[in-house]
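**Q** Numbering (the working numbering), first residue to last: -1 to 352.
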């Protein structure tokens, strides 16, 4: 049986959501010893330092996988992602949470996926058909059901408005990152982690927060390495093949993982909303998996660089054909004019208008 070529990127997005999902219950354990702004700093620093060490290890072994380097055209997008997603959004969220009812905050934080989709469609013209639109709506509904607390208070206060703004900022971050997703994801996340983490650390110290014991710092950084480092790398790789909307929808499964992990740590019980949300989430994921977007389209001539294998979009020849033995590789190459028809997603080669 032929494997659906979208399964791997969809798994990456789902695993990324799982890694991010476990961060909430574990962070809850650590927040008893670490102040919230410092916790954010150590999570980001953990992702940056962890990936720096991973890159050093990769370069000294055969495990190193060549990726396209960042160019001057990528830096505006990356700097924008750092400013809005790594610095502004966490700061806005930190102050907004103080003035927002718990139920409202939990629900509003899930607006990130919706914001990502709206920005992708409106600002970046990402194609979303009826099937994908339905999948996004279903997954968003499942997330709302999962996070809803009927016993809590509801009110769109200034704090709640701030949380919506933070989600919009993260939606912008996701779409900015999509525009550099063809480049080295490890380098992208390492730069974002070190930049945002150091900024948050300096801000926390200026505000008078005291550093916790080194053991708690290391635990928070280890969590950040996986939940904010490896997780975002997988998100970027998924964006290459799926685009922002589809990746964001699958990444939205994180609350389910967080809930299940909380059962193990805190011995919490599942409520009715979990069992209502689960089948809705499954149907949404199936709609994404079964998407078949197929039409005649044109690839305009372009010279660019990204990691690729030789397929219907990469038919150029190499002076040294031995490089093809290793499959994927990265170099500057020219894509000629191609007009053809096949099933595709809004990946780095299929962001055409519809």
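Don't be surprised by glycine CBs; every beta carbon is placed ideally from N, CA and C. Bear in mind the structure is a predicted one, so any value in this text is a computation, not a measurement.
(1) How about residue 57 and residue 184: are their beta carbons less than 8 Å apart?
(2) Quick check on residue 66: does DSSP put it in helix, strand or coil?
(3) What does DSSP give as the partner residues of residue 10 in its beta bridges?
(4) Going straight from the alpha carbon of residue 186 to that of residue 134, what length do you get?
(5) So, is residue 136 buried or exposed, given that buried needs 16 or more other C-beta atoms within 10 angstroms?
(6) Here's the rule I'm using: 16 or more other beta-carbon atoms within 10 Å means buried, otherwise exposed. How should residue 23 be labelled?
(7) Do residue 139 and residue 5 come within 8 Å of each other at the CB atom, strictly closer than that value?
(8) First and last residue of the alpha helix (DSSP H) that includes residue 183?
(9) Indicate whether residue 171 and residue 247 have their beta-carbon atoms separated by less than 8 Å.
(10) From residue 114 to residue 236, what distance separates their C-alpha atoms?
(11) Give me the residue from 70, 47, 232 with the minimum Cα distance to residue 192.
(12) If you draw a straight line from the alpha carbon of residue 175 to that of residue 231, how long is it in whole angstroms?
(13) Specify, as a first and last residue, the run of the alpha helix (DSSP H) that residue 23 falls within.
(14) Short of 8 Å in beta carbon distance, which residues of its chain neighbour residue 182, apart from the five on each side in sequence? Order them along the chain.
**A** Result, derived from the coordinates:
(1) Translated into the one-based positions of the chain shown, residue 57 becomes position 59. Translated into the one-based positions of the chain shown, residue 184 becomes position 186. For residue 57 and residue 184, no; Cβs fall outside 8 Å.
(2) Along the chain shown, one-based indexing puts residue 66 at 68. Of the three classes helix, strand and coil, the one that applies to residue 66 here is strand, per DSSP.
(3) Counting from one through the chain shown, the residue named residue 10 turns up at place 12. Paired residue(s): none; residue 10 is not in a bridge.
(4) Within the chain shown, numbered from 1, the residue matching residue 186 stands at position 188. Within the chain shown, numbered from 1, the residue matching residue 134 stands at position 136. So the alpha carbons of these two residues sit roughly 27 Å apart.
(5) The residue labelled residue 136 in the question sits at position 138 within the chain shown. Counting of Cβ neighbours within 10 angstroms places residue 136 among the buried residues, the total reaching 16 or more.
(6) For the purposes of this step, residue 23 is taken as residue 25 along the chain shown, with counting starting at 1. Buried, because 16 or more other Cβ atoms sit within 10 Å of the Cβ of residue 23.
(7) Taking the first residue of the chain shown as 1, we reach residue 5 at position 7. Taking the first residue of the chain shown as 1, we reach residue 139 at position 141. No, the Cβ-Cβ distance between residue 5 and residue 139 is not below 8 Å.
(8) Locating residue 183 in the chain shown gives position 185, counting from the first residue. 183 to 204 is the span of the alpha helix (DSSP H), which, as asked, contains residue 183.
(9) For the purposes of this step, residue 171 is identified with residue 173 of the chain shown, where counting begins at 1. For the purposes of this step, residue 247 is identified with residue 249 of the chain shown, where counting begins at 1. Taking the C-beta atoms as reference points, residue 247 is found no nearer than 8 Å to residue 171.
(10) In the chain shown, the residue the question calls residue 114 occupies position 116. In the chain shown, the residue the question calls residue 236 occupies position 238. Between the alpha carbons of residue 114 and residue 236 lies a gap of roughly 15 Å.
(11) Within the chain shown, residue 192 is the residue found at index 194, counting from 1. Residue 47 holds the alpha-carbon nearest to the alpha-carbon of residue 192 among 70, 47, 232.
(12) For the purposes of this step, residue 175 is taken as residue 177 along the chain shown, with counting starting at 1. For the purposes of this step, residue 231 is taken as residue 233 along the chain shown, with counting starting at 1. Straight-line Cα distance between these residues: approximately 11 Å.
(13) Residue 23 sits at position 25 when you count from the first residue of the chain shown. Segment 21 to 28, the alpha helix (DSSP H) holding residue 23.
(14) The residue labelled residue 182 in the question sits at position 184 within the chain shown. Excluding positions up to five away in sequence, the list reads 65, 66, 67, 68.
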